[in-house]
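Novice: Okay, handing you the structure first.
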Amino acid sequence: MRAEAAGYKAIALTVDTPRLGRREADIKNQFNLPPHLTMGNFAMLKQANMENEGGSGLASYVASLIDRSLSWKDIQWLKSITKMPILAKGVVTAEDAVLAVENGCAGIIVSNHGARQLDGVVSTIDALEEVVNAVQGKVPVFVDSGVRRGTDIVKALALGAKACLVSRVIRTTSATVIGWKPGLR
């Protein structure tokens, strides 16, 4: 309801990761949310809950919120409480694509989360055609991982993606524009 009230147009539900992957950069950098920063959704959270000796405090906290028993039935429940379309994110097989459509997803996002969440996961470009063929045009298929340049977009569209979703490219470009360099890849 908050998302609808805020003007969001759809929900992207991650369906393939029962918990966050091992975020090695966060662990190496001992990432914790600095006390002077706040996040609206975590307003009631005590800072101590996000501290984790030798690991990523934020990742540990977020992992504690994830219900590892997520099933396709949860999409039907989610549809019962919102009018927004629900997109299944993290689909990389024909079987899961068919299940997503059968359970009412309005679209599919072929994603491996930048290969940061699941070890040994298939690349999105290799999974895309199988997923597109499986849904037989019943819902749009998007791709959001592995898009680094324009030719990646052309390949994804040629394989049947409706569009490509990008974030790292935009973050990198934005960082370059403002002159930020450390850690930029």
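Counting in the UniProt record's numbering, the sequence shown runs from 1 upward without gaps. We put the CB at the ideal spot given by N, CA and C, even for glycine. This structure is a prediction, so every number in the text was calculated from the model and none was measured.
Check the C-beta distance from residue 222 over to Ala134 and give it rounded, since I have them as a contact under 8 Å.
Specialist: In the structure as shown, the chain starts at 1 and stops at 185, and residue 222 therefore has no counterpart that could be examined.
Novice: Using CA atoms only, rank isn't needed, just tell me which of Lys155, Glu95, Arg149 and Asn103 is closest to Ile86.
Specialist: Of Lys155, Glu95, Arg149 and Asn103, the residue nearest in Cα terms is Asn103.
Novice: State the DSSP-derived secondary structure class of Arg87, mapped to helix, strand or coil.
Specialist: According to the sequence as given, residue 87 is Leu; it is not Arg. Strand.
Novice: On the CB-based measure, 16 or more other CB atoms within 10 Å of its CB, does Lys29 come out buried or exposed?
Specialist: Residue 29 is actually Asn in this sequence, not Lys. By the 10 Å Cβ count, Asn29 comes out exposed.
Novice: With a threshold of 16 other CB atoms inside 10 Å of the CB of Ser111, please say whether the residue is buried or exposed.
Specialist: Ser111 should be labelled buried.
Novice: Looking at C-alpha atoms only, which residue of Ile108, Leu159 and Thr82 is the closest neighbour of Ala5?
Specialist: Comparing Cα-Cα distances from Ala5 to each of Ile108, Leu159 and Thr82, the minimum goes to Thr82.
Novice: In the DSSP assignment, what are the bridge partners of Ala156?
Specialist: Answer is none; Ala156 lacks a bridge partner.
Novice: Expressed to the nearest angstrom, what Euclidean distance is found between the alpha-carbon atoms of Leu157 and Ala3?
Specialist: Distance between the alpha carbons of Leu157 and Ala3 is about 29 Å.
Novice: Report the partner residues of Phe142 according to the DSSP bridge assignment.
Specialist: Answer is Ile109 and Ala163, bridged to Phe142.
Novice: From the DSSP secondary-structure annotation, give me the bridge partner or partners of Thr14.
Specialist: Bridge partners of Thr14: Lys89.
Novice: Compare the beta carbon distance of Leu159 and Glu130 with 7 Å and say whether it is the shorter of the two.
Specialist: Going by C-beta atoms, Leu159 is not nearer than 7 Å to Glu130.
Novice: At which residues does the alpha helix (DSSP H) containing Ser80 begin and terminate?
Specialist: Unbroken alpha helix (DSSP H) run through Ser80: Lys73 to Ile81.
Novice: Using DSSP with H/G/I as helix, E/B as strand and the rest coil, what is Gly103?
Specialist: Checking the sequence shown, residue 103 turns out to be Asn, not Gly. DSSP places Asn103 in coil when its eight states are reduced to three.
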